[in-house]
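See below for the structure under consideration.
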Amino acid sequence: MKFVAVVEVSRRGELTVDEVGLVIDRLPGQDVSLIVSQRGYRTARIVVDAENIAAAATHALLAVQHGFGLGWDSVVSIDLMSEAEAKLREGSAAVPELVGAAEAARLLGRSPQAVRQMIEDGRLSAYRVGDRSFALVKSEVLAAAARRTDWKSHPGLLGVLEEKDISIDRVLPSPRIRINIENDGARRARTVARYEFTVLGRYEDPEGKIVSIAEGQQELTEFDFTRIGDWTSPD
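Structure representation (structure tokens):
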């Protein structure tokens, strides 16, 4: 799910062309724009892809700090919301088409209970209607449905499977892939990727946990491990 974060840092004044170029170079592939807020603070508007709003906040803060080359104490404020909500507030989107929880479950290929759990976990944004019902933005539901197949082309996961000599056809749907940026002071950053997935059948590996289901008639192997990238410096 995509979120838009607007982060103010303690530096004030317009950025020079060189400073703008340096920030952009430090955040390759990120959808980021730089402005000066009404209070005069240097500000970054960044779009991040995350499972929920808490993860989006962490991702955005780390990325912006790395981009400006500043520490945690440099952040003055953060304004964070879903991309759909941001577009509505900015007047760049029409009122979105809404669907109920039952229709969302059909589009996702999940049960209504699973959809409700996704809402509670923050993986799907929803508007409460009455005491028990929810309305969801259809485009966000369709995007979530598409992400269920995106993992089959995820370079990080494919690299892990190749390393373990595991066929992608043995991986059960909906693995969890979480990638964060870590800072070491103001000048160094690295990626930390966590992969959680289940392989059909027994797979003997020290990093895998074999579990039996259906009274031992079928076995699965669960993996949960982290890959840490090298420290990089924008300088």
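With my numbering applied, the sequence shown corresponds to residues 662 to 896, in that order. We treat Cβ as the ideally placed atom computed from N, Cα and C, and that holds for glycine.
- Annotated three-state conformation of Ser786 is coil, per DSSP.
- Collapsing the DSSP output to three states places Gly817 in a helix.
- Take Arg888, set aside five residues on each side of it, and the residues of its chain with a beta-carbon closer than 6 Å to its own are Ala854, in chain order.
- DSSP places Met742 in the strand class (E or B) of the three-state scheme.
- Lys870 and Glu883 have their C-alpha atoms roughly 5 Å apart.
- Between Leu797 and Tyr788, the alpha-carbon positions lie close to 6 Å from each other.
- The C-beta distance from Phe664 to Ala711 rounds to 6 Å, short enough to fall under 8 Å.
- Our two residues, Leu861 and Glu880, have alpha carbons roughly 7 Å apart in a direct line.
- Here Ser735 carries a helix assignment [DSSP, helix/strand/coil].
- Secondary-structure assignment with DSSP links Phe664 through a beta bridge to Val709, Ser743.
- Between Asn713 and Asp782, the C-beta spacing is below 8 Å.
- For Ile840, the beta-bridge partners assigned by DSSP are Ala854.
- Leaving aside the five residues that flank Asp692 on each side, the residues in its chain whose CB is nearer than 6 Å to its CB run, in chain order, Val708.
- The closest CA to that of Arg703, considering only Val737, Ala721, Leu822, Asp679, is found on Val737.
- Between Gly820 and Arg851, the gap from beta carbon to beta carbon reaches 8 Å or more.
- DSSP places Arg793 in the coil class of the three-state scheme, outside both helix and strand.
- In the DSSP assignment, Glu880 falls within the unbroken beta strand (DSSP E) covering 879-889.
- Runs of the alpha helix (DSSP H) spanning 4 or more residues and lying entirely within the region 677-727 occur at 678-687, in chain order.
- Residue environment for Phe886: exposed (fewer than 16 other C-beta atoms within 10 angstroms of its C-beta).
- Residue environment analysis places Arg687 among the buried positions, since at least 16 neighbouring C-beta atoms fall within 10 angstroms of its C-beta.
- Ala766 counts as buried, since at least 16 other C-beta atoms from the protein chains shown sit within 10 angstroms of its C-beta.
- In terms of CA proximity to Thr677, Phe729 leads the group Phe729, Thr719, Pro836, Arg784.
- For the pair Ser743 and Trp892, the Cα-to-Cα distance works out to about 30 Å.
- For Leu759, no alpha helix (DSSP H) run applies; the uninterrupted beta strand (DSSP E) run containing it begins and ends at 759-761, by DSSP.
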